[in-house]
Amino acid sequence: MGEAPAPELDAVLGGGSWDVGGTFEGPPPPTGPIRLGKNVCYVVLAVLFNEEDGVLLVQEAKAECRGKWYLPAGRMEPGESIVAAMRREVKEETGLECQPLTLLALEERGPAWIRYAFLARPTGACPLPLGALEGCGKDAARLEHPLPSPVLGHRWSLPAP
Numbered sequence: 001m002g003e004a005p006a007p008e009l010d011a012v013l014g015g016g017s018w019d020v021g022g023t024f025e026g027p028p029p030p031t032g033p034i035r036l037g038k039n040v041c042y043v044v045l046a047v048l049f050n051e052e053d054g055v056l057l058v059q060e061a062k063a064e065c066r067g068k069w070y071l072p073a074g075r076m077e078p079g080e081s082i083v084a085a086m087r088r089e090v091k092e093e094t095g096l097e098c099q100p101l102t103l104l105a106l107e108e109r110g111p112a113w114i115r116y117a118f119l120a121r122p123t124g125a126c127p128l129p130l131g132a133l134e135g136c137g138k139d140a141a142r143l144e145h146p147l148p149s150p151v152l153g154h155r156w157s158l159p160a161p
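With the UniProt record's numbering, the residue at position 41 of the sequence shown is 41, and numbering never jumps.
Below is the structure:
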């Protein structure tokens with residue numbers, strides 16, 4: 001038989017802690033800008049709630065998804081940070097300035113498509129009025145009906161920033 005476990009191991013196995021000395025300061029600061037792959041499509045998406053817990057949606061005008069409602073989203077531009085891309089897409093599609101609160105999800109579809117989904121808070125004026133987004137290929141309207149199931153049966157609880 002081997003040696004008896006160290007007192008530190010007994011403490012951890014018993015639900016206690018083990019002082020390992022020192023602290024974790026996090027990863028070292030980057031030495032240069034992060035470079036994203038040029039052969040990958042990076043997409044950003046924002047989920048924005050209003051004071052009544054309504055979700056901001058935009059109506060697509062592209063032929064393949066015309067008339068469908070969707071969250072503000074789009075592709076990152078070369079040299080753009082992920083957060084800057086999310087803010088730009090929200091501004092272009094809704095007229096709103098926003099502040100990211102947290103990254104909700106990172107979705108990968110094969111090696112060449114990655115989407116970053118953010119929870120964000122509107123920080124500017126109200127969304128653009130109806131008709132103001134026609135040049136962007138989008139339309140805006142207030143949906144007075146609830147979204148269909150399974151959305152109805154769920155409540156989201158998100159940590160405060």
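Even glycine gets a Cβ: it sits at the ideal position worked out from N, Cα and C.
Environment of residue i [buried if 16+ CB atoms lie within 10 Å]
i   : result
P7  : exposed
A85 : buried
L9  : exposed
Option nearest residue i by Cα separation, candidates the options
i    : options                 : result
A61  : A46, Y70, L103 and A112 : Y70
Y42  : E92, V83, A120 and P122 : V83
E77  : A63, G54, T123 and K38  : K38
E107 : V58, R87, E89 and V40   : V40
Residues of its chain near residue i, where Cβ-Cβ distance is below 6 Å and the 5 sequence neighbours each way are ignored
i   : result
G16 : none
Residues near residue i in its chain [Cβ-Cβ closer than 7 Å; skip 5 each side]
i    : result
L119 : V47, L101, T102, L104 and L158
Alpha-carbon spacing of residue i relative to residue j, whole angstroms
i    : j    : result
L45  : P28  : 28 Å
R87  : R121 : 11 Å
G53  : C98  : The residue asked about is misnamed: residue 53 is Asp in this sequence, not Gly. The straight-line gap from Cα to Cα measures roughly 16 Å.
G74  : G26  : 31 Å
G137 : E51  : In this prediction, G137 scores a pLDDT of 41, lower than 50, which makes its location untrustworthy; no coordinate-derived value is stated.
DSSP beta-bridge partners of residue i
i    : result
R115 : V43 and E107
Own chain residues within Cβ distance below 8 Å of residue i, not counting five before or after
i    : result
W113 : V40, C41 and V43
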